[in-house]
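Report on the following structure.
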Ligand SMILES: *[C@@H]1O[C@H](CO)[C@@H](O)[C@H](O)[C@H]1NC(C)=O
Ligand SMILES: *[C@@H]1O[C@H](CO)[C@@H](O)[C@H](O)[C@H]1NC(C)=O
Ligand SMILES: *[C@@H]1O[C@H](CO)[C@@H](O)[C@H](O)[C@H]1NC(C)=O
Ligand SMILES: *[C@@H]1O[C@H](CO)[C@@H](O)[C@H](O)[C@H]1NC(C)=O
């Protein structure tokens, strides 16, 4: 950065007063611009029973080394495109690592080897397109992994190898088009899976055969066309299911079998014209059991005899129905534009 003193030398005495005044003003404005440019500061440091917490945000200068007792490390909002391979060397007590809002396009394969006690890794808003196989292999204590807002187009089972304790996996806002079979086969502790806002057209039928204690499943904002029978069975603990803003035209009859704990079901903004008999009965009586409710608005429902099953169930559970005014019939002609609930009552 240029300093005030070195700039001053550029102003020789022999210039016309006009020019020197211009120069003077220019220098003044440069000087004041310098004043508003934040000076590098230090990272924030605090201490707890677990060790040091270090938070680095611009304009802080990132130190080359962190204290050996660092338990919490955040290096965020720097737009870093790379991290030195040995960034975490010697930080064996690290529990949380937050690297969000950088521009990391890849991570070194051995990057996480020095931090086997890591519990939380947040890589939100980077530029990751892939991960090295076995990146997390040493992380048997990791319970939260956030990869949202990256550029992942696909995933490989080998990337997730070793995540025995993982409870929360956030892959939302990437570019995922397909998922491979066996992806979560060994990720059996998972409680929250977020795949929202990707480009998924279908899911492998075995996706949830590893994690059998899911509580929250986010699939909204994809291009799913069919919800198959086997995907969610059995998920006895599932409480929140988000399937809204997809292209679902088919939900198979057994799709909700065994979902006894559901508190929220969002099927809004899909392409559903009808649903098979028996689908809803599996959900029991939401009016008694559902804490939140269900949303089936924004679908082109065809309100004919085939909807009788749904209509009967709606009648009994309308207290838990969201967006009633936006849940309307698209056909047949006689019912077009009518609220589904009104059509249900007329049936
Ligand atoms: C210390 O670590 C334990 C175990 O991970 C954690 O439960 C606790 O919240 C941490 N304490 C602080 C102050 O960070
Ligand atoms: C990072 O990039 C964003 C968006 O381009 C920009 O607004 C921000 O100032 C940059 N931050 C730094 C520390 O360079
Ligand atoms: C899952 O675990 C089994 C048994 O430990 C192992 O053979 C397999 O390679 C693992 N798969 C992945 C993708 O980690
Ligand atoms: C229902 O929605 C329509 C437009 O979609 C609006 O004009 C009307 O006021 C709404 N009624 C209620 C009760 O919210």
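Residue numbers (mature numbering (1 follows the signal peptide of the UniProt record, and there is no 0)): -33 to -1, 1 to 314. Glycine is no exception: its CB is placed at the ideal position from the N, C-alpha and C atoms.
By alpha-carbon positions, which one of 30, 138, 18, 24 ends up nearest to residue 39? The candidate whose alpha carbon is nearest that of residue 39 is 18.
Whether or not the stretch 220 to 228 and the stretch 258 to 278 are in contact is what I'm after, with contact meaning three or more pairs of Cβ atoms, one per stretch, closer than 8 Å; do they touch? The answer is no - the stretch 220 to 228 does not touch the stretch 258 to 278, with fewer than three Cβ pairs under 8 Å.
Determine whether the beta carbon atoms of residue 48 and residue 71 lie at a separation below 8 Å. For the pair residue 48 and residue 71, the CB atoms are nearer than the 8 Å cut-off.
Quick one: grab the DSSP three-state call for residue 38. Residue state for residue 38 is assigned as strand, using DSSP reduced to three classes.
Heavy atom of ligand 1 within 7 Å of residue 86 beta-carbon: Yes, Cβ of residue 86 sits closer than 7 Å to a heavy atom of ligand 1.
Inspect the beta-carbon positions of residue 216 and residue 177 and report whether they are closer than 8 Å. Between residue 216 and residue 177, the C-beta spacing is not below 8 Å.
Shorter than 7 Å, the distance from the beta carbon of residue 19 to the closest heavy atom of ligand 1, or not? The answer is no for residue 19.
Check: residue 7 C-beta below 7 Å from any heavy atom of ligand 2: The answer is no for residue 7.
Which one or two residues does DSSP pair with residue 27 in a beta bridge? For residue 27, DSSP records a beta bridge to 8.
With 16 other CB atoms within 10 Å as the buried threshold, where does residue 15 fall? With fewer than 16 Cβ atoms within 10 Å of its Cβ, residue 15 is classed as exposed.
For residue 298, the first and last residue of its enclosing beta strand (DSSP E): Taken as a continuous stretch (DSSP letters only), the beta strand (DSSP E) holding residue 298 covers 296 to 298.
Between which two residues does the beta strand (DSSP E) carrying residue 260 extend? 260 to 262 is the span of the beta strand (DSSP E), which, as asked, contains residue 260.
In three-state DSSP terms, what is residue 67? In this structure, residue 67 counts as coil in the three-state DSSP scheme.
Please list the terminal residues of the continuous beta strand (DSSP E) segment that includes residue 315. Lying before the first or after the last residue shown, residue 315 is absent from the chain, which here runs from -33 to 314.
Using a threshold of 8 Å, state whether the C-beta atoms of residue 214 and residue 238 are closer than that. The answer is yes: Cβ separation under 8 Å.
Does the beta carbon of residue 125 fall short of 7 Å from some heavy atom of ligand 3? Correct: residue 125 has its Cβ closer than 7 Å to ligand 3.
Let me check one thing: in DSSP terms, what residues is residue 268 bridge-paired to? In the DSSP secondary-structure assignment, residue 268 is bridged to 296.
Cβ of residue 279 within 7 Å of any heavy atom in ligand 3? No, since every heavy atom of ligand 3 falls outside the 7 Å radius drawn around the Cβ of residue 279.
Out of 240, 265, 250, state which residue places its alpha-carbon closest to the alpha-carbon of residue 299. Among 240, 265, 250, the Cα nearest to that of residue 299 belongs to 240.
Could you please give me the residues that DSSP links to residue 19 through a beta bridge? Looking at the DSSP assignment, residue 19 forms a beta bridge with 14, 37.
For residue 150, which of 132, 142, 174 has the nearest alpha-carbon? Comparing Cα-Cα distances from residue 150 to each of 132, 142, 174, the minimum goes to 174.
Which residue comes first and which comes last in the beta strand (DSSP E) that contains residue 112? In the DSSP assignment, residue 112 falls within the beta strand (DSSP E) that extends over 111 to 113.
heavy atom of ligand 6 below 7 Å from residue 130 C-beta: This structure simply doesn't include ligand 6; it includes ligand 1, ligand 2, ligand 3 and ligand 4 instead.
Would you say the beta carbon of residue 153 is closer than 7 Å to some non-hydrogen atom of ligand 3? Within the cutoff, so yes.
Closer than 5 Å between the C-beta and any heavy atom of ligand 2: which residues qualify, listed along the chain? Working through the chain, the matches are 25, 46.
Quick one: does the C-beta of residue 241 sit closer than 7 Å to a heavy atom of ligand 3? Checking every heavy atom of ligand 3 against the Cβ of residue 241, none is found closer than 7 Å.
Where does residue 36 land, buried or exposed, given buried means 16+ other C-beta within 10 angstroms? Residue 36 comes out exposed.
So, at 6 Å on beta carbons, what are the nonlocal neighbours of residue -13 in its own chain, with the 5 sequence-adjacent residues on each side left out? Because the pLDDT at residue -13 is just 49, under 50, the model does not fix this residue reliably, and the value given afterwards should be weighed accordingly. No residues qualify anywhere along the chain.
Would residue 285 and residue 308 be called neighbours here (beta carbons separated by less than 8 Å)? Cβ distance < 8 Å, so residue 285 and residue 308 count as in contact.
Using the C-alpha atoms, what's the distance from residue 121 back to residue 227? Taking the straight line joining both Cα atoms gives about 32 Å.
Under 8 Å between C-beta atoms of residue 62 and residue 84: Cβ atoms of residue 62 and residue 84: closer than 8 Å.
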